[in-house]
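Take a look at the structure below.
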Amino acid sequence: MNERRLRLGHLYPSLMNVYGDRGNILCLTRRCRLRGIELEVTELEVGDALAADGFDLLFMGGAQDREQRLVGDDLSKLKGEALREAVETGVVFLSVCGGYQLAGKSYRGADGEELAGAGVFDLHTVHPGAKAKRLIGNLVARWEGGTLAGFENHGGRTYLGPGCEPLAKVVRGHGNDGQSGFEGARYKNAFGCYLHGPVLPKNPSLADRLVSLALERRFGDGTLPALEDGLEQRAHEAALRIRN
Amino acid sequence: MPGPRTLASVWAAKSATLASRRLRRGGGTAVSGLVGLKLQSSLIHDLASQLGHGCVLVTGTNGKTTTSRLISETARAAGLQPLANASGSNLMRGLASTLAAATGPGGRLTDAAQRLGVFEVDEAAVPAALQELRPRVAVFTNLFRDQLDRFGEVEAVAALWRQALAKAPPGLTLVLNADDPAVASLGEGRDNVIYFGVDDAKLDRGAIEHASDALSCAVCGSRLEYNIAYFGHVGHWRCPGCGRPRPEVAVSGRDLDLRDGRTLGFEIVVVGNHEWAVDQPPHPNPLLEGEGIMEPRVEASTDMTDAENASMPVEMGIGGLYNAYNALAAAAAVIALGLPAGATPEALKATGAAFGRQEAFEVDGKGVELFLGKNPAGLNQVLSTLLLDPNRKVVLIILNDGIADGRDISWVWDADFEVTAKQFDKVLVSGTRAAEMALRLKYAEWDEAALTVEPEIGAALEKALAATRDGECLTVVPTYTAMLTVRELLAKRTGRASFWQ
Ligand SMILES: [Zn+2]
Numbered sequence: 001m002n003e004r005r006l007r008l009g010h011l012y013p014s015l016m017n018v019y020g021d022r023g024n025i026l027c028l029t030r031r032c033r034l035r036g037i038e039l040e041v042t043e044l045e046v047g048d049a050l051a052a053d054g055f056d057l058l059f060m061g062g063a064q065d066r067e068q069r070l071v072g073d074d075l076s077k078l079k080g081e082a083l084r085e086a087v088e089t090g091v092v093f094l095s096v097c098g099g100y101q102l103a104g105k106s107y108r109g110a111d112g113e114e115l116a117g118a119g120v121f122d123l124h125t126v127h128p129g130a131k132a133k134r135l136i137g138n139l140v141a142r143w144e145g146g147t148l149a150g151f152e153n154h155g156g157r158t159y160l161g162p163g164c165e166p167l168a169k170v171v172r173g174h175g176n177d178g179q180s181g182f183e184g185a186r187y188k189n190a191f192g193c194y195l196h197g198p199v200l201p202k203n204p205s206l207a208d209r210l211v212s213l214a215l216e217r218r219f220g221d222g223t224l225p226a227l228e229d230g231l232e233q234r235a236h237e238a239a240l241r242i243r244n
Numbered sequence: 245m246p247g248p249r250t251l252a253s254v255w256a257a258k259s260a261t262l263a264s265r266r267l268r269r270g271g272g273t274a275v276s277g278l279v280g281l282k283l284q285s286s287l288i289h290d291l292a293s294q295l296g297h298g299c300v301l302v303t304g305t306n307g308k309t310t311t312s313r314l315i316s317e318t319a320r321a322a323g324l325q326p327l328a329n330a331s332g333s334n335l336m337r338g339l340a341s342t343l344a345a346a347t348g349p350g351g352r353l354t355d356a357a358q359r360l361g362v363f364e365v366d367e368a369a370v371p372a373a374l375q376e377l378r379p380r381v382a383v384f385t386n387l388f389r390d391q392l393d394r395f396g397e398v399e400a401v402a403a404l405w406r407q408a409l410a411k412a413p414p415g416l417t418l419v420l421n422a423d424d425p426a427v428a429s430l431g432e433g434r435d436n437v438i439y440f441g442v443d444d445a446k447l448d449r450g451a452i453e454h455a456s457d458a459l460s461c462a463v464c465g466s467r468l469e470y471n472i473a474y475f476g477h478v479g480h481w482r483c484p485g486c487g488r489p490r491p492e493v494a495v496s497g498r499d500l501d502l503r504d505g506r507t508l509g510f511e512i513v514v515v516g517n518h519e520w521a522v523d524q525p526p527h528p529n530p531l532l533e534g535e536g537i538m539e540p541r542v543e544a545s546t547d548m549t550d551a552e553n554a555s556m557p558v559e560m561g562i563g564g565l566y567n568a569y570n571a572l573a574a575a576a577a578v579i580a581l582g583l584p585a586g587a588t589p590e591a592l593k594a595t596g597a598a599f600g601r602q603e604a605f606e607v608d609g610k611g612v613e614l615f616l617g618k619n620p621a622g623l624n625q626v627l628s629t630l631l632l633d634p635n636r637k638v639v640l641i642i643l644n645d646g647i648a649d650g651r652d653i654s655w656v657w658d659a660d661f662e663v664t665a666k667q668f669d670k671v672l673v674s675g676t677r678a679a680e681m682a683l684r685l686k687y688a689e690w691d692e693a694a695l696t697v698e699p700e701i702g703a704a705l706e707k708a709l710a711a712t713r714d715g716e717c718l719t720v721v722p723t724y725t726a727m728l729t730v731r732e733l734l735a736k737r738t739g740r741a742s743f744w745q
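Respectively, the protein sequence lines represent chains R and W.
Mapping of the first sequence onto the numbering used here: residues 1 to 244, in sequence order.
Mapping of the second sequence onto the numbering used here: residues 245 to 745, in sequence order.
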């Protein structure tokens, strides 16, 4: 097989890295390598320009509050437009927790201050105030006939508009807003979710979906040979069994 | 004199401790304190104010237990009688039960005149503890990402501490880690601060680690720069935005010899000598003046009195750079308490491992060493310490997701297991989230063929011991609740005491 290469842009790795998010990058890198695909990872920090056609995949993780403001600033000044354009042209994008919130249209923090988001997803997030209960715990959701499992920890409640679809249906846990019964969002090849843990290593079906979509877009063929996923499945099943 | 309500609550707290011990429900201390606190919320305040030498509060993400222990032992060497809470009883109810257990039949502290309280306090309990304990000295060891589901974000903990210190009772001396920018910033604009830190350029790792928080300046938000990076965000930092440097340290650790990770040699330099101690009142607890308070017994060694810098060589029976920081924190606290710093080296040498932290056992001719690992920064320090001895070949890693461990286990992905990927021939993984731990190791490129997953801790320990050859050492790296379980199993096999006895 010819060596195929995919380019991944990791957005704000030093600011948005709270919930073991680098596990997602390790996972994508390894699952590509085992299929003879080289995944070239470029880190894009605050101040680094993003080219809309520079990457096949983009990833943005979770952040703490102060970092979230710095990132919000950089998105509106520098990277937001390119990110929207990339997603419109089918680039694969995964955003988790704080990254998911900032990928929406707006985020209103606990202090009432409103941050503009990148506007990739037609959704907005509202934090009901410092006294409101955070949505914390193990989260299981149904997705395409299977399950996604992980952990959620967010104060903000995310409300989807008509321009995007929910990613998955909550089986156990809170999800987007604790009410709607939905978790995450999907628009074209962009995925957003509150599931962390990190989400990809123990949800290999989601990891492979991202790689497959990127391959299809770039090389016209997204088929992936199966991998030996014994430990991945055990970790997934263990996460399904956890009660909060 | 304590009022009748104090007496009742002390009695209730003590009897609950006994009942809980008989029921063998664990330490017992936390249960009893809860009862006492319900009856009298100022129990802690009443009893702590009887401590003849007042008390010192120790907090921070990592190193609380070991630092408290080192302070206690130094105080003991100086002729005082330390009163310390057990590791794991570091919430308000644990403080209450520790104090209640030290009272006599009249509801007053026994040996009050000689007592120095040494209390480790949970990060989130610092505001309440400062108000009720009214400590003379508060030690902040470090601030790392830890159990985000329980404590919230690092910035939130720093803000909590800042607010608590703004309202702290007067006369408080702070002992702060200068090398941790999040902790050092607590001293901004305050008097009576003693900073400690490490000055040893050969330990520079060149770059900060993955599990780093607090990379931005607490004052202006700029990204910090490092001349020396030791671990996590700890090192010689400087803010390029507002120009704030790492503060000048009063207690400096130099010439560290890390050896095989089981012992430690270094030099503690007290810069400009310990003149800070002069401001301390002769009797720290004015309420008790004239009640026969003992003066500290140990006198300053002669080479320390006039020198600009006093230097003390130190030998420790525990290893790793993080324990050098614990020793420096303790030495600085001792100075802040007005005790002679000369008592420190002897006490450091004599103090062995704290509960589950580099604690060693011998089982059937095989060594077993416990290294508690409960957050990415702590675990990274453990892993680099393990790396110092290439003869460690068998390891048992136990990941639980109990409330005391943090229900969210994503933190194991932030620890740098990559550094020890080639070290172990045999790897056992256990605990409620054993499979997730195994997956983490797989992605850190550990040899999958050497990996055994056994969720049940007792069975995993047996398998790990069987895989360890005679005369070799089994390394066990558990999370907090896993440590309690595995330590109990080891205590049973070796006849060592359980922690509550
Ligand atoms: Zn600054």
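Glycine is no exception: its CB is placed at the ideal position from the N, C-alpha and C atoms.
Because the structure is a prediction, the values reported are computed rather than measured.
Could you tell me which residues DSSP puts in a beta bridge with residue i?
{"i": "Asp-501(W)", "result": "Gly-509(W)"}
{"i": "Gln-325(W)", "result": "Arg-359(W)"}
{"i": "Phe-55(R)", "result": "According to DSSP, Phe-55(R) bridges with nothing at all."}
{"i": "Glu-114(R)", "result": "Arg-108(R)"}
{"i": "Tyr-439(W)", "result": "Leu-420(W)"}
{"i": "Glu-216(R)", "result": "DSSP, once it has assigned bridges, lists no residue as partnering Glu-216(R)."}
{"i": "Ile-641(W)", "result": "Val-673(W), Val-721(W)"}
{"i": "Ala-604(W)", "result": "Glu-613(W)"}
{"i": "Val-495(W)", "result": "Phe-440(W), Val-514(W)"}
{"i": "Lys-169(R)", "result": "Arg-142(R), Phe-182(R)"}
{"i": "Arg-7(R)", "result": "Glu-40(R)"}
Thinking just about the alpha-carbon of each residue, which of the options is nearest to the one in residue i?
{"i": "His-154(R)", "options": "Arg-33(R), Met-60(R), Gly-54(R), Tyr-194(R)", "result": "Tyr-194(R)"}
{"i": "Ala-568(W)", "options": "Val-612(W), Arg-506(W), Ala-554(W), Val-515(W)", "result": "Arg-506(W)"}
{"i": "Leu-508(W)", "options": "Val-493(W), Glu-552(W), Leu-572(W)", "result": "Leu-572(W)"}
{"i": "Ile-653(W)", "options": "Gly-675(W), Lys-637(W), Leu-640(W)", "result": "Gly-675(W)"}
{"i": "Val-41(R)", "options": "Arg-5(R), Lys-131(R), Leu-15(R)", "result": "Arg-5(R)"}
{"i": "Lys-105(R)", "options": "Gly-112(R), Arg-218(R), Gly-80(R), Ser-205(R)", "result": "Gly-80(R)"}
{"i": "Tyr-12(R)", "options": "Arg-31(R), Gln-68(R), Val-199(R)", "result": "Gln-68(R)"}
{"i": "Glu-43(R)", "options": "Met-16(R), Gln-64(R), Leu-34(R)", "result": "Met-16(R)"}
{"i": "Leu-339(W)", "options": "Pro-379(W), Gln-325(W), Ile-288(W)", "result": "Ile-288(W)"}
{"i": "Leu-206(R)", "options": "Glu-88(R), Arg-66(R), Phe-55(R), Gly-192(R)", "result": "Gly-192(R)"}
{"i": "Thr-664(W)", "options": "Asn-644(W), Pro-634(W), Glu-680(W), Ala-679(W)", "result": "Pro-634(W)"}
{"i": "Gln-667(W)", "options": "Val-639(W), Ser-429(W), Cys-486(W)", "result": "Val-639(W)"}
{"i": "Leu-718(W)", "options": "Val-730(W), Glu-552(W), Val-514(W)", "result": "Val-730(W)"}
{"i": "Arg-389(W)", "options": "Asp-366(W), Met-681(W), Pro-620(W)", "result": "Pro-620(W)"}
{"i": "Thr-595(W)", "options": "Ser-628(W), Met-560(W), Gly-298(W), Met-727(W)", "result": "Met-560(W)"}
{"i": "Arg-33(R)", "options": "Tyr-687(W), Ala-735(W), Leu-695(W), Lys-736(W)", "result": "Tyr-687(W)"}
Residues of chain R with CB closer than 8 Å to the CB of residue i, please, in chain order.
{"i": "Val-398(W)", "result": "Gln-64"}
{"i": "Ser-312(W)", "result": "Ordered by position in chain R, no residue passes the 8 Å Cβ test against Ser-312(W), which lies about 28 Å from the chain."}
{"i": "Leu-640(W)", "result": "Going along chain R, no residue has its Cβ under 8 Å from Leu-640(W), so there is no contact; the nearest lies around 17 Å."}
{"i": "Asp-424(W)", "result": "Going along chain R, no residue has its Cβ under 8 Å from Asp-424(W), so there is no contact; the nearest lies around 17 Å."}
{"i": "Leu-623(W)", "result": "Within 8 Å Cβ-Cβ: nothing; Leu-623(W) doesn't reach chain R, min ~12 Å."}
Quick one: which chain R residues come within Cβ less than 7 Å of residue i?
{"i": "Ala-679(W)", "result": "Leu-231, Arg-234, Ala-235, Ala-238"}
{"i": "Lys-686(W)", "result": "Leu-231"}
Listing by chain order, which chain W residues have their CB less than 8 Å from the CB of residue i?
{"i": "Asn-203(R)", "result": "Here the premise fails: no neighbours, minimum Cβ distance about 11 Å."}
{"i": "Pro-198(R)", "result": "Ser-654, Trp-657"}
{"i": "Cys-97(R)", "result": "Those do not exist, as Cys-97(R) stays about 10 Å from chain W at its closest Cβ, beyond 8 Å."}
{"i": "Cys-27(R)", "result": "Tyr-687"}
Interface residues of chain R around residue i at Cβ under 9 Å?
{"i": "Arg-651(W)", "result": "Ile-136, Gly-137, Asn-138, Phe-151, Ile-242, Asn-244"}
{"i": "Trp-655(W)", "result": "Tyr-19, Gly-20"}
{"i": "Val-612(W)", "result": "The premise fails here: Val-612(W) is roughly 26 Å from chain R at the closest Cβ pair, so nothing lies under 9 Å."}
For a contact defined as C-beta to C-beta under 7 Å, what are the partners of residue i on chain W?
{"i": "Gly-23(R)", "result": "Trp-657, Tyr-687"}
{"i": "Ser-14(R)", "result": "Leu-459"}
Given that residue i touches chain W, what residues does it touch there, using C-beta distances under 9 Å?
{"i": "Cys-193(R)", "result": "Per Cβ cutoff of 9 Å: no residues; Cys-193(R) is ~14 Å from chain W at best."}
field: Shell residues, 6 Å Cβ cut-off relative to heavy atoms of ligand 1
entry: Qualifying residues come out as Cys-461(W), Val-463(W), Cys-464(W), Ser-466(W), Cys-483(W), Gly-485(W), Cys-486(W), Arg-488(W).
Validate contact between the segment 474 to 483 of chain W and the segment 609 to 619 of chain W using beta carbons, cut 8 Å, 3 pairs: The segment 474 to 483 of chain W vs the segment 609 to 619 of chain W: no contact.
- request: Taking 8 Å as the threshold, find out whether the segment 432 to 442 of chain W comes into contact with the segment 408 to 419 of chain W through three or more Cβ pairs.
  value: In short, these stretches touch, since the Cβ pair count reaches three.
- prompt: Between the segment 307 to 319 of chain W and the segment 594 to 604 of chain W, do at least 3 Cβ pairs fall closer than 8 Å?
  reply: With the cut-off at 8 Å, the segment 307 to 319 of chain W and the segment 594 to 604 of chain W touch.
field: Segment contact, 8 Å Cβ cut-off, at least three pairs: the segment 151 to 166 of chain R with the segment 106 to 124 of chain R
entry: With the rule of 3 Cβ pairs closer than 8 Å, the segment 151 to 166 of chain R counts as touching the segment 106 to 124 of chain R.
query: Quick one: any contact between the segment 380 to 389 of chain W and the segment 293 to 308 of chain W, if contact means 3 or more CB pairs under 8 Å?
result: In short, these stretches touch, since the Cβ pair count reaches three.
message: With a threshold of 8 Å, are at least 3 pairs of Cβ atoms found where one atom belongs to the segment 107 to 118 of chain R and the other to the segment 29 to 39 of chain R?
response: Touching, no, given that fewer than three Cβ pairs across the two stretches are closer than 8 Å.
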